[in-house]
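Accompanying notes for the structure given below.
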Amino acid sequence: MAKVLITSDLEEKYIHQIEIQGHEIINKKVDENELLEYVKEVDCMVVGYDTQITKKVIDAAVAAKKLKFIVRAGAILDNIDMEYAKSKRLRVYSTPSGTTNAVAEMVIGQMITISRNIHMTNINMRKGEWDREKYYGTEISRKTLGLIGFGRISRAIAEKAKSLSMRVIYYDKYSKTELYGFEPVTMEKLLKESDYISVHIPGGKENYHVINKETFDLMKDGVYFINYSNCGVVDDKALLDAIDSGKVKAAALDVFEEEPVKDERILNNPKISLTPHIGSLTAEADLRIGQDVVKYVTENL
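Take any residue in the sequence shown, count from 1 to its spot, add 939: that is its number in the working numbering.
Right, here's the structure in full:
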């Protein structure tokens, strides 16, 4: 029998599936001090986005020689020091396929939202406004979508965009050849030719502010910009300046350099459609994540 600490919001039915295998479950939110104690006695941890796995936590786990692996119930690993975990040979699994379709649908929805000013009309009609000409929009059909990064989510977006008669190009530093029938291009070509740009690359030091003032300067005037990637990838100040100048016509954002967002330039900007980091939050995504968590725990304990 193994001991499993679950700090994520895993549904009870999946917790039960692990429990009936004979494992002891500790299902609770913990602070860092509690976590430092638990890593000394549990065989496995299932963590959400709000549990920080730092060097200090990893060192405590390695010293105790008890923790076998960690499962991140979700796709983004920003809350785990992955480089340090690898250096200490601590296994970490994630469940990226669970959230793929949820984020892809959200991005397509936001592209239409900002193209047709849905985010603005929804607010202003409640204030009694009825100014139809003010919200003259554009169609996404026959436009060029540029995807920065071409992992699972980007590929799902590409397929959906293609079905909506969009031209899809992508830049991925790890792939220079055509994948799944979509056109790879240089970053510069993507920035210059895309009517819509959507970012889907990992966070961390390697990609910090990859999208910055110089990047925005290369984009088409009046480009639509979508960020459903990871915190820190986009320089939010540079984006706001690009919106103010008209370089970016409108943006849809789900991740931010500071969360929760406090910047009034972001919160009160009518050209930005905002969501509070909810791209992956669907009932179907939770189902797939839960199934993957049970699979990883079952196969490794």
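Beta carbons: idealized from backbone N, C-alpha and C, even for Gly. None of the values given here were measured: they were computed from a predicted structure.
{"Query": "Touch test, the segment 1160 to 1174 against the segment 1184 to 1193, Cβ-Cβ under 8 Å, three pairs minimum", "Result": "yes"}
{"Query": "For V943, the three-state DSSP class (helix, strand or coil)", "Result": "strand"}
{"Query": "Euclidean distance between Cα positions of A1100 and K1112", "Result": "22 Å"}
{"Query": "Check: A1191 C-beta below 6 Å from any heavy atom of the ligand NAD", "Result": "Summarising the ligand content, the structure contains no ligands, and the ligand NAD is consequently not present."}
{"Query": "Coil, strand or helix - D1036 by DSSP", "Result": "Note that residue 1036 corresponds to Ser in the displayed sequence, not to Asp. Of the three classes helix, strand and coil, the one that applies to S1036 here is helix, per DSSP."}
{"Query": "Assigned secondary structure, A884 (DSSP; H/G/I helix, E/B strand, else coil)", "Result": "It is not possible to answer for residue 884, since the shown part of the chain is limited to 940 through 1240."}
{"Query": "Bounding residues of the alpha helix (DSSP H) (the contiguous stretch that carries Y1235)", "Result": "1222 to 1239"}
{"Query": "Stretch-stretch touch, CB-based, cutoff 8 Å, three pairs: the segment 1084 to 1099 with the segment 1121 to 1130", "Result": "yes"}
{"Query": "Cutoff 8 Å; reference A1003; Cβ partners in own chain excluding five residues on either side", "Result": "V978, K979, E980"}
{"Query": "Terminal residues of the alpha helix (DSSP H) in which M1021 lies", "Result": "1021 to 1026"}
{"Query": "Cβ-Cβ distance between A1191 and I1096 below 7 Å", "Result": "no"}
{"Query": "Contact the segment 947 to 954 vs the segment 1222 to 1232: 3+ CB pairs below 8 Å", "Result": "yes"}
{"Query": "Three or more C-beta pairs below 8 Å linking the segment 1206 to 1217 and the segment 1023 to 1034", "Result": "no"}
{"Query": "I1136 beta carbon less than 7 Å from that of E1122", "Result": "no"}
{"Query": "Local conformation of N1166 per DSSP, three classes", "Result": "strand"}
{"Query": "Residue span of the alpha helix (DSSP H) that contains F1089, given as start and end", "Result": "Neither: F1089 is in no alpha helix (DSSP H) and is coded neither H nor E."}
{"Query": "Beta carbon of D1175 nearer than 7 Å to that of E1196", "Result": "yes"}
{"Query": "Rounded Cβ spacing between R1011 and I1019 (contact assumed at less than 8 Å)", "Result": "6 Å"}
{"Query": "Segments assigned alpha helix (DSSP H), at least 4 residues, entirely inside the segment 1073 to 1128", "Result": "1091 to 1102"}
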